[in-house]
Each structure stands twice: as C-alpha cells, then as structure tokens.
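2 protein chains.
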Amino acid sequence: MTERDLLRANVLKRIQPSEEGLDYFAGLGKVQHYRKRDKLLVQGEVARFEAFIVSGCVRMYHSDARQHEHNMQFGFEDWRVCDLVSFYSGTPAHHSIEALEETTAILFTHDDIDNVLTRYPEFERYFRLLMQAAYLAGQERMIGALSQSAEQRYLELISRFPLLESRVAQHHIASYIGISPEALSRIKRAMIIRERTSLKS
Amino acid sequence: MTERDLLRANVLKRIQPSEEGLDYFAGLGKVQHYRKRDKLLVQGEVARFEAFIVSGCVRMYHSDARQHEHNMQFGFEDWRVCDLVSFYSGTPAHHSIEALEETTAILFTHDDIDNVLTRYPEFERYFRLLMQAAYLAGQERMIGALSQSAEQRYLELISRFPLLESRVAQHHIASYIGISPEALSRIKRAMIIRERTSLKS
DNA sequence: CGTCTATTTGAATGTACTCAAAAGCGGTGG
DNA sequence: CCACCGCTTTTGAGTACATTCAAATAGACG
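Have a look at this one:
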C-alpha cells in the first residue's frame, strides 16, 4: 500500500482535506504496472485516465505530421502525467505517453475525479492547484523556447532536473528542448571545448 | 453596469452558481479604463490583479535579456489576461501587459478571489475551468511551436482569431508566433506569390 | 561476441536572424 | 490640401544556427 501513501502525501502537500475525503480519494484509482516501452496512452485515442507515477519514468510526446516526435513532458515518482486536453474534453489525444523504465502508476478515470469532487468539493482546490502548477510550468517553458538559445534551455533543464541526465536518453532531452539529437551533441561538445580553453588561459 | 453583465455571462458559461454567489462575485473587482499603450502590468512587479477585458484589446509579453519582446497572449472582450504565475505565487511577473487600444477591464485582486472562494466554494470549479482552458491553450501553442513551420503557425493563428489581422499590428503577430517582423513579411509575400503562380498554371 | 541502438562527426542545405535602408501609411499642423 | 513626422512594413545582403542525410564510433544487453 505504499503507492497509496505517496498519493496521500501528494494531496497533503497542497490541501488539508477531511480524513474521510482523503481516505476516499486515496482509495480511488487503479494501480498499474508498465514495462519499458509500454504505452500508457496512444496519440489519437481518448485519454481515459490521469496517471500518478509511483515509481519509474515516462515521457509524454507529440508525433507530428512528419512522424517527428516532440517530448512535451517527463514524469517521475510523485508526478502526474496526462494529456489533460483529451482527458477533460474527451477529444482524441495529441500525445502519447510511454514508459522509459519499469513504471508503476495509479490511474484515475474521469469518473474517479468527478466522484471525489462531488462528494468532497474541497478537492476542487487540489485539482485547481495541480492545474495551476501545470500551467505555470508550461508558461515558463514557452518563455524559454521563445527567448533562450538551445544551449541555455539545455543548461536550465538539467540544472532544474538533474535526474534527467542520468535516467533519460540524450535524444529525448534534445527532443524536449526542441532540437535534433545531433544539434544537442554538438552543443555539448562546444561547451566542453569552451570549458577546456577557458581553463587553460 | 454592462461590464458586470459580461462578467456574469462569462461565469454562467462555465458554472451554475447560486444567485447569491453570482451577485457577490459580479460585484467584486474594479472597473478600470486604459488608453492605448497604457500598461496594466509591468514586468518585474508583482501582478496584483487579474484583468477581465470588457472592451478593447491588450497584449501580454515577455521582455528577454536582450530586450526583445515576445508576445505570449492577446486579450479581447470577454477574455481574462493575467500573469498567473506572479498572481498566484506572489513572485515578480515575467510579463508586461499593455493596452493596444482603448481598453476597459475589471480588475480582481487576489483577495477578491479568495473571498469568493471562501464564501462560495462553487467558484473553485470556475477557476479550475479557467485554469484548464488557459493550460490547454498553452499546450496547443507549444505543440505548434515545436512541430509546425512559421507559416503554418501564422495560418492557424489567423484562422482561429480572424480579429487579429484587423486589430493588431503585424509585428505583434510575428512576435506571437515567434519570428521577426521581417520574417513574417517575407512569409506573407511568399504565400501571395505561390498563390499567383498556382492560379496562372 | 555480435546485434541493436545511441551518440558523434561531417558536409551540404535551409530557415530565420540581424542590420540597414527604402517604401508605405496615417495623422497633425501649417 | 499638402508637407512632414513617426511608425510599420517591405526588401536586400550577409550571417548564424539548426536541420537533414549519411557514415563512423561507442555503449548496452543478451
């Protein structure tokens, strides 16, 4: 039941619900296990659940008209991953979600969430705060994409999530910051060379 | 009192609050008038209010380290514009908001919103839905930025908001889609030439 | 060890940027 | 009504950065 505890802790980071409400919510959802490369969601289908990652790591990505994949979000323990557009509006998802490692998640259907919101409206605040956090992250990312160089975006990303370097393939990071894997490779090399020459001088 | 009516209608598009709650909410906020080029918010200050645009038009933009401005959002009648990051977290805003025309807005402070949420928790849902809509829009935009050409982004933007072409300067649109004004000018010319030659053939 | 995938490197190409200048447009005052 | 001013848009030329395609190298895993 340790998955459920992680979930409880996640709620308590944001709101102080009644014990009853928390129990109810923590009992919802379905624990699911995924192996590396399993898909939690396939682009074009409707997202029927929101995934709360208990352990492991996933990526959410969009595959464009030219079959190029663009990573939109990574998800580790204690993160929530979902194509919220699809989930809340019932339209086909613009994203796929794929496990990058062995991953355990708790899946919440729309009904689960409706149920808790109807019974314990205190959770409206929880979901609003989650939404807010997701929005803010997106906003920050957009600013970065518009006003920073690829190198700056890379440095900022890995300084904010040092996990990524060790757990995620480099081409996935390249995709996240919006450049080709070759470009990221070159950028890293340029950084190393710059560092060497500046140390010598 | 027509400003307030627009606000009521906006609420009713999303939730069915008690009459009491709606009256309370519709009475909140302060009507404010801005002239062209007036700033509703200056980057670096804390956003003390969320603006509900009653008439006119504004842009929210980020000014980067090189003093380049990047338009993040436009706002017309019946839209909400705010640096939500700053507003909800109390940190200095990463955006400025500027009136592009004579503009009337209703301004809601954080206290206003806290008050209505405390008294009428039904409004949690309203703000969650707003947040959701804002998030979804951001998500769509990010996908576009990563996977579409500048030309496609331009075409999609003006087909979605035909208002823009007539009411907003071209360089503001260029900034929104993330390219220089020169680049947009060239793209438009290329489109016209393509059209001419395809008509002739 | 061999296979599969990820990363690196190279070369040619493309797209958008910067800087600079010209042309277009709208409003104001003489 | 015209001349001028300020601002936007257009055009040109040179440059920077990332892309694509292709090939070589390096790592991971069975």
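Protein chains in written order, with the numbering used here: chain Y, 106 to 306; chain G, 106 to 306.
In this text, a Cβ means the ideal position worked out from N, Cα and C, and glycines have one as well.
Please decide whether G:H167 counts as near chain Y, where near means a Cβ-Cβ distance under 7 angstroms.
-> yes
Residues in the stretch 208-236 of chain G having any Cβ partner in chain Y nearer than 7 angstroms | P226, E229, R230, F232, R233, M236
Of all the options Y:A198, Y:K144, Y:L260, Y:Y281, which has the alpha carbon lying nearest to the alpha carbon of Y:L205?
-> Y:K144
C-alpha distance - Y:S290 paired with Y:A170, whole-angstrom precision = 25 angstroms
Find out if the Cβ-Cβ distance for the pair G:I158, G:E182 is shorter than 7 angstroms.
-> yes
Can you give the Cα-Cα distance for G:S194 and Y:R140, rounded to whole angstroms?
-> 38 angstroms
Secondary structure at G:K118, three-state DSSP: helix, strand or coil?
-> coil
DSSP on Y:S194, reduced to helix/strand/coil?
-> helix
Please name the residue, chosen from G:M247, G:T209, G:F228, that lies closest to G:K135 on a Cα-to-Cα basis.
-> G:T209
Counting only beta-carbon atoms, is G:I248 nearer than 7 angstroms to chain Y?
-> yes
First through last residue of the beta strand (DSSP E) which encompasses Y:I278 = Per DSSP, Y:I278 belongs to no beta strand (DSSP E); it is in the alpha helix (DSSP H), 275-282.
Going by DSSP, name the residue or residues bridged to Y:I211.
-> Y:V136, Y:F157
Just mark G:L235 as buried or exposed, buried being the case when its beta carbon has 16 or more other beta carbons within 10 Å.
-> buried
Would you grab the beta carbon distance between G:C187 and G:A156 for me? Rounded to a whole angstrom, and I think it's under 8 angstroms.
-> 6 angstroms
Determine whether the Cβ of G:L112 lies closer than 7 angstroms to any Cβ atom of chain Y.
-> no
Own chain, CB closer than 7 angstroms to Y:H138, minus 5 neighbours either side, in chain order | T209
Can you give the beta carbon distance from Y:Y281 to Y:L262, rounded, assuming they're within the 8 angstroms contact cut?
-> 7 angstroms
Might you give, ordered along the chain, the residues of its own chain that have their beta carbon closer than 6 angstroms to the beta carbon of G:G180, omitting 5 neighbours on each side?
-> I158, V163, V186
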